[in-house]
Amino acid sequence: MKVQLQEQTMRLRLDEAELAQLLAGETVENLTRFGGSGGWGTAVSLHGGESAVLLDSGTDCRLVLPRSSVEDLAGRLPCRDGLAFALYLDDGTTLQLQFDVDVRDSVRQRGVTRRSSASSV
């Protein structure tokens, strides 16, 4: 899982194997150690609710995403359009979460799906 942070935006990009883990009910984790006992981690899992949830302990960030949204995304892969969630935080700010599946990995695993155009020229 790749994690990108910039101001109030977080982007998570999983590969196909990590997506399969997630859909199988497992948690996908990423931990960065800073030496000694310090570090910071991100974990993603699914739930049956309708919205994304952020659980933050200061040393790790646990994101719980709606299973139905992730299953819908998996059904239309490979695609560049992922999922976007707005997470409203206790201090009144918002964290924008972008959840993507690596499109290159999806093409390698699933092959290319040709999209038909509605109009022909």
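Here the sequence shown is numbered in the working numbering, starting from 88 and rising by one per residue. Every residue, glycine too, gets a C-beta built ideally from N, C-alpha and C. None of these values were measured; they are calculated from a predicted model.
Buried or exposed for D159, going by 16 or more other Cβ atoms inside 10 Å? Exposed is the call here.
For D147, the three-state DSSP class (helix, strand or coil): The three-state secondary structure of D147, taken from DSSP, is strand.
Contact between the region 125-134 and the region 173-180 (3+ Cβ pairs under 8 Å): As far as the Cβ criterion goes, the region 125-134 does not touch the region 173-180, which means the pair count is below three.
Using a Cβ-Cβ cutoff of less than 6 Å, which residues in the same chain neighbour E137 once the five nearest sequence positions on both sides are dropped? Result list for E137: P153, in chain order.
Which value, in whole angstroms, describes the spacing of the CA atoms of R167 and V199? R167 and V199 have their C-alpha atoms roughly 12 Å apart.
Per DSSP, V140 is paired with what? According to DSSP, which records beta bridges pairwise, V140 is partnered with V151.
Taking DSSP's pairing of strands, which residues face S132 in a bridge? The partner list for S132 (beta bridge, DSSP) reads V151.
Grab the span of the beta strand (DSSP E) containing A173 for me, first residue to last. From DSSP, the beta strand (DSSP E) with A173 extends over 170-175.
Burial state of D189, where buried means 16 or more other Cβ atoms lie within 10 Å: With 16 or more Cβ atoms within 10 Å of its Cβ, D189 is classed as buried.
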